[in-house]
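*Asks:*
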Amino acid sequence: MKRLFFYFSFIFPVFGFAQEAVIDTVFVDSQFENAKNFSKIKVIKSDDVLKNASSLSDLLSFQTPIYIKENGRGMVSSPSFRGTTAQQTAFVWNGININSQFLGQSDINNISLLGYDNIAVKSGGGSVLYGSGAIGGSIHLNNSFGYNKGFKGQVFSEYASFETSNSLLKTSFSNDKFSFQFAVNHNRSKNNYEVEERNYVNRNGAYDNTGVNLGFAYKVDDKNEIYSQSQIFDAIQNYPLLSEFSTPSKYLSQSFKSIVGWYFKNENFKNDFKVAHLKDDYQYYMNSNFAASESGGGTKQFILKDDFKYQINANSELNFLGEVSQIEALGVKTGIDSVKRRQGSAALLYRDFSIKNFNWEVGAKKEFVEGVKSPFLFSVAGNYSAADFYAIKFSASKNFRAPSFNDLYWKPGGNEDLKPETSYQFEVSNNFKWKSLTATVTPYYMDIINMLRWVPGKNGMYHATNTGEVKSYGVETQLGLEKKYQNFSYRTMLSYAFAKSEDQANKKQLPYVPYHKVSLAAEFNYKIFGLHLQSIWNSKIFSDGDESVQYIIDPFYVINLGADVQVLKSLKLGVKVNNLTSEVYRTVYAYYMPKRNFAVNMNFNF
-3 MKRLFFYFSF IFPVFGFAQE AVIDTVFVDS QFENAKNFSK IKVIKSDDVL
47 KNASSLSDLL SFQTPIYIKE NGRGMVSSPS FRGTTAQQTA FVWNGININS
97 QFLGQSDINN ISLLGYDNIA VKSGGGSVLY GSGAIGGSIH LNNSFGYNKG
147 FKGQVFSEYA SFETSNSLLK TSFSNDKFSF QFAVNHNRSK NNYEVEERNY
197 VNRNGAYDNT GVNLGFAYKV DDKNEIYSQS QIFDAIQNYP LLSEFSTPSK
247 YLSQSFKSIV GWYFKNENFK NDFKVAHLKD DYQYYMNSNF AASESGGGTK
297 QFILKDDFKY QINANSELNF LGEVSQIEAL GVKTGIDSVK RRQGSAALLY
347 RDFSIKNFNW EVGAKKEFVE GVKSPFLFSV AGNYSAADFY AIKFSASKNF
397 RAPSFNDLYW KPGGNEDLKP ETSYQFEVSN NFKWKSLTAT VTPYYMDIIN
447 MLRWVPGKNG MYHATNTGEV KSYGVETQLG LEKKYQNFSY RTMLSYAFAK
497 SEDQANKKQL PYVPYHKVSL AAEFNYKIFG LHLQSIWNSK IFSDGDESVQ
547 YIIDPFYVIN LGADVQVLKS LKLGVKVNNL TSEVYRTVYA YYMPKRNFAV
597 NMNFNF
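Each residue of the sequence shown is one higher than the one before, starting from -3 at the first, in the working numbering.
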């Protein structure tokens, strides 16, 4: 197993300008707060993340409208967001798109879950801000820096069924000039569960991963700040065997991400300049017992990114976004010997706040991807507060996904003549609020052109091609209620998502896109006691593109129930029952998820 270590080799010039403007909290992703004004975004705070601390897959499945297809608990996992494929969801770490350069997507269970200030889900297209793959939506892993908060610490530990352990140590310190964060978490499991009703045994399902996050910021003066955020993630993931006679295989991955930035702010403009370095390596063993069966690869990416905002007047601003990067990739036994790609983008956005209760934004972007004829992109969005109880957000955009290295160069099957996917979409988010009650209704429409797929040829060999057009439409709704009394409080959220995503060539629903998903979350607190419930229901799901009856995944309803007690002011103990009713279900055709299982946890803040 390769190990990665922190390293920095960046030296920054820092200087100031004339006007005074005090820096408060700085977000590493400087565009995220702007996106919240015009887009449907769900922010999951760190305390709520711990309710699904076992994996990012669990968190997204139970706390968002995204459908998660998982090859057994803790195994290969990918999202279906608004009826799109896994490659059409962008994972964004502190403003940097981190989708695999080989696959064009991310394995959710190979992304660290803990150590962030929040995890957020942005619905709808976002390629103007976040680049390739932000078509169905984007998933954001965010850190921020604050000052004058002193020293804080947190220890979280969980032990669960199937010899699963999950732990987190998180510390931070800040004064008026300096802010520091450190977090380390470790998650491992033998993952040896059975589903007797289907004669299914999760053989060879063990996993083990470690994540380390380190960040600091220094306020040079009231106008200038330098910051850095880094992450190491190291994982071993065995692949479950469908038969006891199958050959065991495994997947190892190591990633290093680092950002160094300089943030400047004065009365008229703000500038956030950052340098990022991403390094990803993986090794796949077709036979876990033989080193000679190894194949794999690695990528290095260097990014320069600048976010410049000019305040035209009190009611309008211009925002320029520029980015250049170089990617180097090397494959082992994949046919991808050594490739390089240079790419960049330039975007200009205008925001206007001059009309009472109405804000709007228009943006344009040109992508430059070496070897790919890149599209011109645009976005239009608005936010209108019509009354105290009703506000509306709308957006329209053109988005894209560039072919990945596997799409272009994998041998056999890669195709260097591929066109990028493009999509046009429109959505309207209606937001209602009356006393403690909130409701959101968001219909959307999406038209995807030149969709990239791997399809079988005449000789049965799969190859990459642009397959035509997919149209997707649906609605996402939420109904929430929150109330607090002297010693009692409660919070509930009922969500429903409908998605119709149709291949225009055969008029069939795309694989692994449920027509309906219903989620319910409820939390009740009385003095030192707490109770929380999560449940999801998915309608039937087709696992192939022909809607074959024999490959349907049956509807399923899963309930999680947890309880906790505040033993001391700084110490909370909890217990959780996952899949309370022992539902027999699967999210991918061949692999079943575990029946009823248990977890106990401790959360200590100091």
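We put the CB at the ideal spot given by N, CA and C, even for glycine.
It should be emphasised that the depicted structure is a prediction, and the values quoted were computed from it without experimental measurement.
Ser57 lies in the beta strand (DSSP E); which residues open and close that run?
*Replies:* Unbroken run through Ser57 is the alpha helix (DSSP H), 52 to 59; no beta strand (DSSP E).
*Asks:* Quick check on the burial criterion: 16 or more other C-beta atoms within 10 angstroms. Buried or exposed for Pro408?
*Replies:* Exposed, by the Cβ-count rule.
*Asks:* At what residue ranges does the segment 52 to 137 contain a whole run of the beta strand (DSSP E), taking only runs of 3 or more?
*Replies:* Those beta strand (DSSP E) runs which fall completely within the segment 52 to 137 and span 3+ residues are 63 to 66, 73 to 76, 85 to 89, 114 to 119.
*Asks:* Note down the Cα distance separating His273 from Gln322, rounded to an integer number of angstroms.
*Replies:* Rounded to whole angstroms, His273 to Gln322 spans 10 Å at the Cα level.
*Asks:* Which residues does DSSP pair with Leu404 in a beta bridge?
*Replies:* Its beta-bridge partners do not exist; DSSP assigns none.
*Asks:* Got a sec? Which residues, its chain only, sit under 8 Å from Ala17 by beta carbon, not counting five neighbours each side?
*Replies:* Bear in mind that the predicted position of Ala17 carries a pLDDT of just 40, short of 50, making it too unreliable to give a figure here.
*Asks:* Excluding five sequence neighbours on each side, which residues of the same chain lie with their C-beta closer than 6 Å to the C-beta of Tyr492?
*Replies:* Thr473, Val514.
*Asks:* Buried or exposed for Ser370, going by 16 or more other Cβ atoms inside 10 Å?
*Replies:* That one is buried.
*Asks:* Give me the Cα-Cα distance between Gly120 and Ser334, rounded to the nearest whole angstrom.
*Replies:* Each residue's Cα considered, the two are about 34 Å apart.
*Asks:* For Thr577, which of Gln530, Gln225, Ser566 has the nearest alpha-carbon?
*Replies:* Nearest of Gln530, Gln225, Ser566 to Thr577, Cα basis: Gln530.
*Asks:* Can you look up Leu238 in the DSSP assignment and give me helix, strand or coil?
*Replies:* Note: Leu238 maps to coil in three-state DSSP.
*Asks:* Can the beta-carbon of Val424 be found closer than 8 Å to that of Thr434?
*Replies:* Not a contact, by the Cβ cut-off of 8 Å.
*Asks:* Excluding five sequence neighbours on each side, which residues of the same chain lie with their C-beta closer than 8 Å to the C-beta of Phe11?
*Replies:* The predicted position of Phe11 is uncertain, since its pLDDT is 32 and thus under 50; no value can be drawn from it.
*Asks:* List, from N- to C-terminal side, the beta strand (DSSP E) runs of 3 residues or more that fit wholly inside the segment 346 to 377.
*Replies:* Whole beta strand (DSSP E) segments, 3+ residues: 354 to 365.
*Asks:* Cα-Cα, which of Pro75, Ser123, Thr463, Gln84 is closest to Ile104?
*Replies:* The shortest Cα separation from Ile104 among Pro75, Ser123, Thr463, Gln84 belongs to Pro75.
*Asks:* So, are the CB atoms of Ser535 and Pro510 less than 8 Å apart?
*Replies:* Yes, these two residues count as a Cβ contact at 8 Å.
*Asks:* Quick one: Cα of Ser249 to Cα of Tyr386, how far?
*Replies:* So the alpha carbons of these two residues sit roughly 47 Å apart.
*Asks:* Suppose you measure from the CA of Asn187 to the CA of Phe520; what does that come to, to the nearest Å?
*Replies:* So the two alpha carbons sit approximately 31 Å from each other.
*Asks:* Please state the DSSP three-state secondary structure of Val328.
*Replies:* The answer is strand: DSSP assigns Val328 an E or B state.
*Asks:* Give me the residue from Ile37, Val180, Tyr553 with the minimum Cα distance to Leu516.
*Replies:* Minimum Cα distance to Leu516 is reached at Tyr553.
*Asks:* Assuming Tyr306 and Tyr259 are in contact, meaning their beta carbons sit under 8 Å apart, how far apart are those beta carbons, in whole angstroms?
*Replies:* Not a contact, Cβ separation roughly 15 Å.
*Asks:* Quick one: is Val466 buried, meaning 16 or more other Cβ sit within 10 Å of its Cβ, or exposed?
*Replies:* The residue is buried, with at least 16 neighbouring Cβ atoms inside 10 Å.
*Asks:* How would you call Gln663, buried or exposed, if buried means at least 16 neighbouring beta carbons within 10 angstroms?
*Replies:* Nothing in the structure corresponds to residue 663, since the chain is present only between -3 and 602.
*Asks:* Who are the near neighbours of Phe349 in its chain, counting only those whose CB is closer than 6 Å to its CB and skipping five residues on each side?
*Replies:* So the list reads Asn311, Asn355, once near-sequence residues are dropped.
*Asks:* My guess is that Ile37 and Ala116 are in contact by the Cβ rule of under 8 Å, so how many angstroms apart are they, rounded?
*Replies:* Ile37 to Ala116, Cβ: 6 Å. Contact.
*Asks:* DSSP state of Ala586, grouped into three classes?
*Replies:* It is coil, neither helix nor strand.
*Asks:* Using CA atoms only, rank isn't needed, just tell me which of Leu110, Gly129, Tyr189, Tyr235 is closest to Lys605.
*Replies:* In this structure the chain extends from -3 to 602, so residue 605 is not present and cannot be described.
*Asks:* Is Val580 helix, strand or coil by DSSP?
*Replies:* In this structure, Val580 counts as coil in the three-state DSSP scheme.
*Asks:* Please state the DSSP three-state secondary structure of Asp204.
*Replies:* Strand, per DSSP.
*Asks:* For Tyr476, which of Ser432, Tyr346, Ser391, Ser157 has the nearest alpha-carbon?
*Replies:* Note on residue identity: the sequence assigns Gly, not Tyr, to residue 476. Taking only the C-alpha atoms, the option nearest Gly476 is Ser432.
*Asks:* Which value, in whole angstroms, describes the spacing of the CA atoms of Glu357 and Ala377?
*Replies:* Roughly 5 Å separates the two Cα atoms.
*Asks:* Are the Cβ atoms of Gln227 and Val208 separated by less than 8 Å?
*Replies:* Going by C-beta atoms, Gln227 is nearer than 8 Å to Val208.
*Asks:* Helix, strand or coil: how does DSSP classify Asn283 here?
*Replies:* Asn283: coil per DSSP, three-state reduction.
*Asks:* Can you list, in chain order, the residues of its chain whose CB lies under 7 Å from that of Gly111, leaving out five sequence neighbours each side?
*Replies:* Only Lys166, Ala179, Asn181, Gly207, Asn209 meet the Cβ criterion.
*Asks:* Which residue spans inside the segment 444 to 496 form an unbroken beta strand (DSSP E) run of at least 3?
*Replies:* Complete beta strand (DSSP E) runs here, min 3: 448 to 452, 458 to 462, 465 to 480.
*Asks:* Look at the Cβ atom of Glu319, then the Cβ atom of Ser341, and state whether they are nearer than 8 Å.
*Replies:* Yes; because the gap between Cβ atoms is below 8 Å, this pair is in contact.
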